[in-house]
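So the sequence shown is numbered by this note's numbering: it starts at 20 and just counts up by one.
We put the CB at the ideal spot given by N, CA and C, even for glycine.
Remarks on the structure that follows.
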Amino acid sequence: MKPAIHRPTQIIVDRQAIKNNFLHERQLLNDETAIFAVVKANAYGHGAVAVAQTVSKVGVDGFCVATLDEALELRQAGLQETILVLGVTPVQQAELAAQMNISLTVATLEWLQQAIELLTQPLKIHLALDTGMGRIGFTQHDAVVSACEFIQQQELIIPEGIFTHFATADEADTKYFHQQVQKFKQLTTNLPLKFKYVHCANSATSLWHLDCQSNMIRFGIALYGLNPSGTALTAPYELQPALTLQTEIVYIKKVPAGQSISYGATYTSSKPEIIATLPIGYADGWLRRMSGSSVIVAGQLCPIVGRVCMDQMMIKVPQMYPLGTKVTLIGTDQQTNLSAETAAEYCDTINYEIICNLSDRIVRKYVN
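Shown next, in the form of structure tokens:
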């Protein structure tokens, strides 16, 4: 999808905020601990290539993505750092990954056995361990040992890493988290193979469980200035949100009492009102269930009235603003703030979903 560059809806990404979040985390770690920036899902809506280029300039050690295609996008943009695909990649693509120096996650011995029949050059791999997430990976120590023994016999398989993912690192109750930590230690003890990276820390782990043994951090949502726990836990340093979502008023009118607005006629004016139309809708990722929430116009909160449409939505405003008046959906205007967390709480979801949903139709602009 091409960005809609000829309309006023835009995402503004503050590169300096991303750098600051990265450098704050870097200061908490020892020099031997690598930081991989997680830039999957278009860098959580911020723009994968631009974010990768930004942190590349301040010493990032590598990148994590979800798919091989996301990794190829970074390589084709000229990024030279290590790139790890966190998801399972079809074994038929192993040779392409090897050609492009992209590291792949391996979750079964069978995948390795099939890959070795296809490879003509070395492939870097990370073994995934399922310690309680229930998603992908080895669950038994003997299976991990068997995979390691197989790798030892292969010249074309390079054991770059071994890792797990925590299900509850962002929660106040740490019981299940510590169960996973113990399982990870059990699965990685007495292996016949040494790995360059042994990693289990995502953003939440890096913020609240720095004592967890790992020599690599997968730094994701916190890189973008968002708290992985929402409001449940306080971050040890100030996170700087990097994303602002803005649009403009493109149409404004006075309506009489009794006027219905948008699909389903779910909103009807109770008195004469001023209604403004904005060029953004659920096709841009501003969820339909945001109907009834607020945006900021000239420092004032103004409610969304009626249902959010595919490409447009309507708001109630206190006066006849000029066409082109700025409207903020995520960000700050005249000391009034609406965050991704604000939107998430309204929709009964998480800040991750709000920003990842912002579609490629919205043009991204980069400042600082």
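Query	Result
Pick helix, strand or coil for K335, following the three-state DSSP scheme.	strand
Since N40 contacts L258 with CB under 8 Å, what's their CB separation in whole angstroms?	6 Å
Three-state secondary structure (DSSP) at H228?	coil
Could you tell me whether the Cβ atoms of L91 and F82 are closer together than 8 Å?	no
Considering Cα atoms alone, identify which of S122, V79 and E100 is closest to A85.	S122
Considering only residues of the same chain and omitting the five flanking positions on each side of G283, which have a CB-CB separation below 7 Å?	R326
Can you tell me which of P337, A261, N370 and D330 puts its alpha carbon nearest to the alpha carbon of P322?	P337
In whole angstroms, give me the CA-to-CA distance for A302 and A23.	12 Å
Could you tell me if H25 is buried or exposed, where buried requires 16 or more neighbouring beta carbons within 10 angstroms of its beta carbon?	exposed
How big is the Cα-Cα spacing for I444 and T361?	The structure shown has nothing for residue 444, since the chain only spans 20 to 387.
Look up I177 in the DSSP assignment and give the residues it is bridged to.	K143
Do L142 and F169 have their C-beta atoms closer together than 8 Å?	no
Return the CA-CA distance between T101 and D80, expressed in angstroms with no decimal places.	7 Å
For a test of your reading of the model: does the CB of D161 fall under 7 Å from any non-hydrogen atom of the ligand NAP? Yes or no.	Because no ligand of any kind appears in the structure shown, any question about the ligand NAP cannot be addressed here.
Taking 8 Å as the threshold, find out whether the segment 191 to 199 comes into contact with the segment 158 to 166 through three or more Cβ pairs.	no
Please identify the residue among L377, T28 and M332 whose C-alpha is closest to the C-alpha of G311.	M332
Here's the rule I'm using: 16 or more other beta-carbon atoms within 10 Å means buried, otherwise exposed. How should N246 be labelled?	buried
Across which residues does DSSP place C321 in a beta bridge pair?	V314
According to DSSP, simplified to helix, strand and coil, what is A56?	strand
Decide if P178 is buried, meaning its Cβ has at least 16 other Cβ atoms within 10 Å, or exposed.	buried
Count Cβ pairs between the segment 56 to 64 and the segment 228 to 244 that sit closer than 8 Å; are there 3 or more?	yes
Over what stretch of residues does the alpha helix (DSSP H) that includes F214 continue unbroken?	Element bounds for F214: n/a, residue is neither H nor E.
Under the three-state reduction of DSSP, which class applies to M309: helix, strand or coil?	helix
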